[in-house]
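These notes are about the structure you will find just below.
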Amino acid sequence: MRNRLVVQLVDFDLAAEYRRLCELDGAVGAVVTFCGLVRDCEQQAPIDSLTLQHYPGMTEASLGDIVASADRRWPLHGITIIHRVGELLPRDQIVFVGVASGHRAAAFQAADYLMDYLKTRAMFWKNVAHGGERQWVDCKDSDRQAAHRWSQDPKRQ
Amino acid sequence: MRNRLVVQLVDFDLAAEYRRLCELDGAVGAVVTFCGLVRDCEQQAPIDSLTLQHYPGMTEASLGDIVASADRRWPLHGITIIHRVGELLPRDQIVFVGVASGHRAAAFQAADYLMDYLKTRAMFWKNVAHGGERQWVDCKDSDRQAAHRWSQDPKRQ
Amino acid sequence: MIKLLFFGRLGDATYAAPEVFEASVGLTAAGVRDALSSLYPALGRALFEPQVLVSVDRVIVDWQQPLLDGCELAFLPPVTGG
Amino acid sequence: MIKLLFFGRLGDATYAAPEVFEASVGLTAAGVRDALSSLYPALGRALFEPQVLVSVDRVIVDWQQPLLDGCELAFLPPVTGG
Numbered sequence: 057m058r059n060r061l062v063v064q065l066v067d068f069d070l071a072a073e074y075r076r077l078c079e080l081d082g083a084v085g086a087v088v089t090f091c092g093l094v095r096d097c098e099q100q101a102p103i104d105s106l107t108l109q110h111y112p113g114m115t116e117a118s119l120g121d122i123v124a125s126a127d128r129r130w131p132l133h134g135i136t137i138i139h140r141v142g143e144l145l146p147r148d149q150i151v152f153v154g155v156a157s158g159h160r161a162a163a164f165q166a167a168d169y170l171m172d173y174l175k176t177r178a179m180f181w182k183n184v185a186h187g188g189e190r191q192w193v194d195c196k197d198s199d200r201q202a203a204h205r206w207s208q209d210p211k212r213q
Numbered sequence: 057m058r059n060r061l062v063v064q065l066v067d068f069d070l071a072a073e074y075r076r077l078c079e080l081d082g083a084v085g086a087v088v089t090f091c092g093l094v095r096d097c098e099q100q101a102p103i104d105s106l107t108l109q110h111y112p113g114m115t116e117a118s119l120g121d122i123v124a125s126a127d128r129r130w131p132l133h134g135i136t137i138i139h140r141v142g143e144l145l146p147r148d149q150i151v152f153v154g155v156a157s158g159h160r161a162a163a164f165q166a167a168d169y170l171m172d173y174l175k176t177r178a179m180f181w182k183n184v185a186h187g188g189e190r191q192w193v194d195c196k197d198s199d200r201q202a203a204h205r206w207s208q209d210p211k212r213q
Numbered sequence: 018m019i020k021l022l023f024f025g026r027l028g029d030a031t032y033a034a035p036e037v038f039e040a041s042v043g044l045t046a047a048g049v050r051d052a053l054s055s056l057y058p059a060l061g062r063a064l065f066e067p068q069v070l071v072s073v074d075r076v077i078v079d080w081q082q083p084l085l086d087g088c089e090l091a092f093l094p095p096v097t098g099g
Numbered sequence: 018m019i020k021l022l023f024f025g026r027l028g029d030a031t032y033a034a035p036e037v038f039e040a041s042v043g044l045t046a047a048g049v050r051d052a053l054s055s056l057y058p059a060l061g062r063a064l065f066e067p068q069v070l071v072s073v074d075r076v077i078v079d080w081q082q083p084l085l086d087g088c089e090l091a092f093l094p095p096v097t098g099g
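As given, the protein sequences belong to chains G, X, U and D, one line each in that order. With our numbering applied, the first sequence covers 57 to 213. With our numbering applied, the second sequence covers 57 to 213. With our numbering applied, the third sequence covers 18 to 99. With our numbering applied, the fourth sequence covers 18 to 99.
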C-alpha cells in the first residue's frame, strides 16, 4: 500500500507514519512531513477548542483525487494524508501530510501541493470556540492564491 | 533554545525533534520536517556505504549563518538542523531539517531553503563505496540551481 | 424525496433548514435553492453567496443539474480544512 | 608555518599533499596554490578547478588573501552534503 489516506477522530503518531514512508522502498532518499497543529490563539484571542466537520464519503473521495494528481505530477514512492475530525484542543495535531521520494525537490513540492489542496478542496470545515462562542472559520484568500500557483505553472521546479 | 544545530556521528530521533519544535510555543501551527536517507543505489549501482566528511568548526559556523538567514527571512518559532557525519549504510538517516512556524507557507519555504543551502554551502563532502571502490560524489547542477532560486526572488511566497 | 445536507455555517441551527425536499419533474439544484430561499430567507441569502458549491450524490455539480428522486443534495460553503 | 587542509577529493591519498607550508612575507593563498602545483602537478590541476574555494581560519576568502604565520589554510572542493 503505497498511499494511505485517513479521516479519523483519534490522534496520529508522526514517528510511525514517517517509518512507513521510509520503509516503502530502498530508493527513498527524501521524506517530507507536514503537521498542522491547533494554535492556542486566533486573531489574538485565546481559543477553547476547534471542531472539524467533514462530509463522510465525499471527503475521502476528494483526498483520493488530490493524491492521484500529486502522483501524476511527481515521481513519488508514497503519500500519507491523515486528517482529524471532531473536537480538538489547543496544541492538538490536526493534519499530517507525508511524502517519500527519491529526491528532495519532488518531496517538498508534493507536500506543499497536497496541503494547498487540502486547504481549498477537501471537504472539511473548521469551527472555533472562543470564550463560550462558536464561529465558523472563514476561508483565506491566501489559501486560494497558494492553491492557484499549481495551475498557473505546471512545470514549476 | 529556539534553534538547534548539530553535527554528529550518531543517529537522530525524528519524533523527539518534532516534539521539541511543537512545544516551543502555543502559536506553532505548522511543523515541516525533512529527512534525507541513504538510498540503496546510486546511478543504478547498489552502494555499500556512504561516508560524510566535514570541516569541524567551519561546518557549524556555516549552519549558524544559514539558520540566521532563514530566521531573518520568515517568521519562525524554531529551526532544527542535524547532519550526520562518518560512515552510513543504505537506508540510514543522513540529515534532519525541522521548522516550526505559525503558518504553513513560511514553514515549507524555510525548510526548502535550508535544504538548498545545506546542499550547496555547508562544509560536507560525500564519499560513496560501491563494490570495494570509493568515489567522491560530484555536486549537482540541480542543487546549485535550486539554491539560486532564493537569491533571484527574495519575495517569493 | 431528495435528501438535503448543509455543511459548515449553512448547517447552523439558526437557519432551521429542512432535511428533505420533494422531488419533481425537471427539478434542478438551483430550483431547490430558489424554493428554500422563499421559505427560509436567511438561509437563502447564505445559499446564494457566490462561493457556495453544490454536490449531488457526493460529486460537485453545476446548479442546473437535474435531480433524480432519492439523490443526496449537499450545499457546501468554502472549505477550511488542513 | 601555515597549516594546510584538503577536503573531499583534494584530500585523497593519491595527491600526497603536505600538511604544512612555510610562511613568508607577502604570501597569499594563490601563492601557496602555485607552489603546490609545481611540486605536485596532479594536486595542482585539482586545486585550479574553478569551483575550488579557499578558506583561512575557517572563513572563505579571496585567493589574494595575505596569509599570516600560524593560520589554517583549507582547500574546499564543491560541497555535497544534505
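We put the beta carbon where it would ideally sit given N, CA and C, even for glycine.
Is the Cβ-Cβ distance between residue 145 of chain X and residue 98 of chain D less than 9 Å?
-> no
Proximity winner among G:198, G:199, G:80, G:126, relative to residue 165 of chain G (alpha-carbon distances) = G:126
9 Å Cβ cutoff met for residue 92 of chain X and residue 151 of chain X | Inclusion of residue 92 of chain X and residue 151 of chain X in the CB contact set at 9 Å is warranted, their separation being smaller than that value.
For residue 137 of chain X, three-class secondary structure by DSSP = strand
Is it true that the CB of residue 135 of chain X sits closer than 9 Å to the CB of residue 155 of chain X?
-> yes
Excluding sequence positions up to five away, which residues of its chain have a Cβ less than 6 Å from the Cβ of residue 77 of chain X?
-> 87, 134, 154, 156
Does the pairing of the stretch 93–111 of chain G with the stretch 178–188 of chain G give three or more beta-carbon distances under 8 Å?
-> Output reads yes: the stretch 178–188 of chain G touches the stretch 93–111 of chain G.
What does DSSP give as the partner residues of residue 89 of chain U in its beta bridges?
-> U:20
Three-way DSSP call (helix, strand, coil) for residue 159 of chain G in this model | Residue state, collapsed to three classes: coil.
Using three-state DSSP, classify residue 98 of chain X as helix, strand or coil.
-> DSSP places residue 98 of chain X in strand when its eight states are reduced to three.
With distances taken between CB atoms, is the gap from residue 82 of chain G to residue 96 of chain X smaller than 9 Å?
-> yes
By a C-beta neighbour count over all protein chains shown, 10 Å radius and 16 as the cutoff for buried, is residue 89 of chain X buried or exposed?
-> buried
Which residue's Cα is closest to the Cα of residue 86 of chain U: U:78, U:40, U:29?
-> U:40
When you compare only the Cα positions, how much space is there between residue 67 of chain X and residue 96 of chain D?
-> 22 Å
Per DSSP, which one or two residues make a beta bridge with residue 110 of chain X?
-> X:180
How many Å lie between residue 61 of chain G and residue 79 of chain D at the Cα?
-> 53 Å
Would you please state the rounded distance, in angstroms, between the beta carbons of residue 115 of chain G and residue 179 of chain G? I believe it to be under 8 Å.
-> 4 Å
Residues of the stretch 160–171 of chain X whose Cβ lies closer than 9 Å to any Cβ of chain G, in chain order = 160, 161, 163, 164, 165, 167, 168, 171
So, helix, strand or coil for residue 142 of chain X, using DSSP?
-> strand
Is residue 65 of chain X close to chain D, meaning its C-beta is less than 9 Å from at least one C-beta of that chain?
-> no
Assuming residue 56 of chain D contacts residue 36 of chain D (C-beta within less than 8 Å), just tell me the rounded distance between them.
-> Going by Cβ atoms, the distance from residue 56 of chain D to residue 36 of chain D rounds to 13 Å, so no, they are not a contact pair.
Does any residue of chain G bring its CB to less than 9 Å from the CB of residue 96 of chain U?
-> yes
Among X:122, X:132, X:170, nearest to residue 162 of chain X - alpha-carbon criterion | X:132
Amino acids of chain G, ordered along the chain, whose beta-carbon sits closer than 8 Å to that of residue 93 of chain U | Chain G residues near residue 93 of chain U: 111, 179.
Euclidean distance between Cα positions of residue 98 of chain G and residue 94 of chain D = 49 Å
Could you say which of U:50, U:31, U:82, U:30 lies nearest to residue 67 of chain U if we only look at CA atoms?
-> U:50
Grouping DSSP H, G and I as helix and E and B as strand, with all else coil, what is residue 212 of chain X?
-> Low confidence applies here, because residue 212 of chain X scores a pLDDT of 49, under 50, leaving its location unreliable and the question unanswered by this model.
Whole angstroms is fine: what's the gap from residue 42 of chain U's alpha carbon to residue 19 of chain U's?
-> Each residue's Cα considered, the two are about 12 Å apart.
Are the beta-carbon atoms of residue 144 of chain U and residue 81 of chain U separated by less than 9 Å?
-> A question about residue 144 of chain U goes unanswered here, because the residues of chain U that appear run from 18 up to 99.
Starting from residue 49 of chain D, trace the beta strand (DSSP E) both ways and give me its first and last residue.
-> It is not in any beta strand (DSSP E) - residue 49 of chain D instead sits in the alpha helix (DSSP H) that spans 46–56.
Residue 87 of chain D: contacting residues in chain X (beta-carbon distance under 8 Å) | Neighbours of residue 87 of chain D on chain X: none; closest Cβ ~16 Å, over 8 Å.
Straight-line gap, residue 26 of chain D to residue 130 of chain X (C-alpha atoms, nearest Å) = 36 Å
Quick one: list the residues of chain U neighbouring residue 192 of chain G, beta-carbon separation under 7 Å, in chain order.
-> 25, 26
Euclidean distance between Cα positions of residue 64 of chain D and residue 193 of chain X | 17 Å
Ordered along the chain, which non-local residues of its own chain (more than five positions away) have a Cβ less than 7 Å from that of residue 200 of chain X?
-> 176
Chain X contact for residue 94 of chain G (CB, 9 Å cutoff) | yes
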